[in-house]
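These notes concern the structure reproduced below.
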Amino acid sequence: MYSIAKPFLFHLDAERAHGLGLKAIEAAYRSGLNPLLAGRPRPLPTKAFGLVFPNPVGCAAGLDKDGAHVDALLALGFGFVEVGTTTPRPQEGNPKPRMFRLPEHNAVINRLGFNNLGVDALVRNVSKARRKQGLLGINIGKNKDTHNEDAAEDYLYCLERVYPLADYVTVNISSPNTAGLRELQEEQQLRRLVGELREAQERLGAQHGKRVPMLVKVAPDLSDDDIDACARVLSDLEVDGVIATNTTVDRLPVEGHPYAREAGGLSGAPIYGKSTAVLRRLRGRLDESIPMIGVGGILSGADAAGKITAGALMVQFYTGLVYRGPRLIGECVDAIRRRREGVA
339 MYSIAKPFLF HLDAERAHGL GLKAIEAAYR SGLNPLLAGR PRPLPTKAFG
389 LVFPNPVGCA AGLDKDGAHV DALLALGFGF VEVGTTTPRP QEGNPKPRMF
439 RLPEHNAVIN RLGFNNLGVD ALVRNVSKAR RKQGLLGINI GKNKDTHNED
489 AAEDYLYCLE RVYPLADYVT VNISSPNTAG LRELQEEQQL RRLVGELREA
539 QERLGAQHGK RVPMLVKVAP DLSDDDIDAC ARVLSDLEVD GVIATNTTVD
589 RLPVEGHPYA REAGGLSGAP IYGKSTAVLR RLRGRLDESI PMIGVGGILS
639 GADAAGKITA GALMVQFYTG LVYRGPRLIG ECVDAIRRRR EGVA
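Those letters in the sequence shown? Residues 339 to 682, by our numbering.
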């Protein structure tokens with residue numbers, strides 16, 4: 339099905355194709371027939387963060403920003419779906435056009451800017467989801483007009499509202515499309531922000547009678563010293579997990595492409611090496627009890643297995659779904675299964 343739809347979608351503006359693609363996945367799910375399920379993977383249970391995932395392959399944040407398609411995405415075969423990034427108040431994001439495909443590189447540049455309907459709308463959507471086939475992560479951020487010194491208030495606001503519904507929560511401090519956001523990865527700011535959120539996490543756990551894991555998502559553009567500092571802070575604060583990585587502002591991998599000068603985050607195949615290097619270095623410096631999710635540049639089962647080799651316990655992708663379609667899910671699950679079994 340996707341091989342038939344892809345040429346049509348690729349003739350459309352990238353953001354319009356994104357919206358139509360989600361509507362098609364939802365329509366297929368609601369039809370009761372769902373021709374997209376032909377490659378649904380066999381289970382590969384994976385324990386992480388105190389949870390058991392049906393398989394270790396997830397849908398990365400950014401595809402379903404408002405949590406309106408949770409069941410349809412899980413039905414494709416993902417072991418987990420991460421929705422968001424959501425913010426306290428609705429925001430339109432950056433001016434259009436703000437998403438660009440680079441087919442020659444199996445890549446996308448986006449500067450969407452946390453466009454979403456706000457956390458209350460996401461909570462309403464997620465509350466309606468049946469969630470029978472996998473787990474749900476909710477990715478939280480700050481509004482673009484919130485100064486960094488007040489950022490904790492935005493993250494706390496979102497955390498409190500999504501906590502009862504999420505299987506895990508991800509703190510997004512690494513998108514390049516909200517001015518100043520990545521400064522929150524600086525060691526002292528990171529320690530202050532995540533420290534406040536960890537305190538809130540424990541308080542909310544007591545209040546709701548369940549402990550929801552909290553993960554932190556980092557950028558691929560950190561220096562080695564920054565990676566080491568990040569590992570120290572996240573280990574000291576005993577976060578439940580780390581996601582490596584978000585998109586990159588580096589354009590060297592696509593130098594010379596007509597879109598290379600477009601502002602925003604580059605995702606897809608060109609960032610695989612860089613994101614995996616950050617993952618590997620973090621894994622070597624984080625407390626060994628903190629599991630990691632590898633994301634960035636996964637376009638094949640071999641790519642997914644490479645993330646596991648570098649230290650990830652699970653993987654996610656989004657751009658890979660754009661270029662390969664739902665069959666990539668099963669391909670990645672099978673590759674990770676073979677690696678676990680020690681089969682080349």
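Note that CB positions come from ideal geometry on N, CA and C, so glycine has one too. In this text, all values refer to a predicted model and were calculated from it rather than measured experimentally.
Exposure label - residue i; buried when at least 16 CB within 10 Å
i	result
GLY396	buried
ALA682	Unreliable placement is indicated for ALA682, whose pLDDT of 49 sits below 50; the coordinate value is still reported in the next sentence. Classification for ALA682: exposed.
PHE348	exposed
VAL671	buried
GLU669	buried
GLY357	exposed
PHE438	buried
ASP402	buried
GLN526	exposed
GLU487	exposed
GLY644	buried
Beta-carbon proximity of residue i to residue j, cut-off 8 Å
i	j	result
PRO394	MET652	yes
ASP351	PRO435	yes
PHE418	LEU473	yes
TYR340	PRO664	yes
ASN481	ARG570	no
VAL592	PRO608	yes
THR424	ILE478	yes
VAL509	VAL457	no
ILE511	LEU494	no
LEU531	ALA490	yes
VAL446	THR647	no
GLY547	VAL464	no
ALA538	LEU497	yes
TYR661	LEU440	no
ARG623	LEU575	no
Which listed residue (the options) has its alpha carbon closest to that of residue i
i	options	result
ASP588	SER613, PRO383 and PRO629	SER613
LEU528	SER573, PRO502 and ARG499	SER573
ALA650	GLY579, TYR656, GLY602 and ASN584	GLY579
HIS407	ALA538, GLY533, GLY475 and GLN526	GLY475
ASN432	LEU450, LEU637, GLY680 and GLU491	LEU450
ASP562	LYS548, TYR597, LEU620 and PRO379	LEU620
TYR610	GLY594, ASP559, ARG623 and TYR597	ASP559
VAL701	ALA582, TYR597, ASP505 and ASP625	Outside the modelled stretch of the chain, which goes from 339 to 682, sits residue 701, for which no answer is possible.
ILE667	LEU590, GLY644, ALA386 and LEU414	LEU414
GLY639	ARG520, ARG675, GLU524 and ILE628	ARG675
GLY313	PRO596, THR586 and GLN654	Given a span of 339 to 682 for the chain in the structure shown, any question on residue 313 remains unanswerable.
ALA362	GLU353, ARG378, ALA410 and ALA386	ALA410
VAL507	PRO629, VAL421 and PHE416	VAL421
ARG520	LEU503, GLU534 and HIS485	HIS485
ALA459	GLU442, GLN471, ASP483 and GLN429	GLN429
LEU453	SER513, LEU503, GLN471 and GLU442	With the sequence shown as reference, residue 453 is identified as Asn, and Leu is not the correct amino acid for it. The option with the nearest alpha carbon to ASN453 is SER513.
THR516	LEU659, ALA398 and ASN448	ASN448
ARG380	GLU534, GLN471 and PHE655	GLN471
Per DSSP, cross-strand counterpart(s) of residue i
i	result
ALA707	The structure shown does not extend to residue 707, since the chain is modelled only from 339 through 682, so no value can be given for it.
LYS385	VAL390
PHE655	CYS397
ASN510	LYS555
GLN429	ASN454
Endpoints, the alpha helix (DSSP H) within which residue i is located
i	result
VAL616	610 to 623
ALA343	340 to 348
TYR495	489 to 500
LEU358	352 to 368
LEU666	665 to 679
LEU412	408 to 413
Beta strand (DSSP E) segment containing residue i, residue limits
i	result
SER605	603 to 606
ASN448	445 to 448
VAL592	Element bounds for VAL592: n/a, residue is neither H nor E.
VAL419	418 to 424
ASN477	473 to 478
Interface flag, residue i vs chain B, CB-CB below 8 Å
i	result
GLN654	You won't find chain B in this structure, because it holds only one protein chain.
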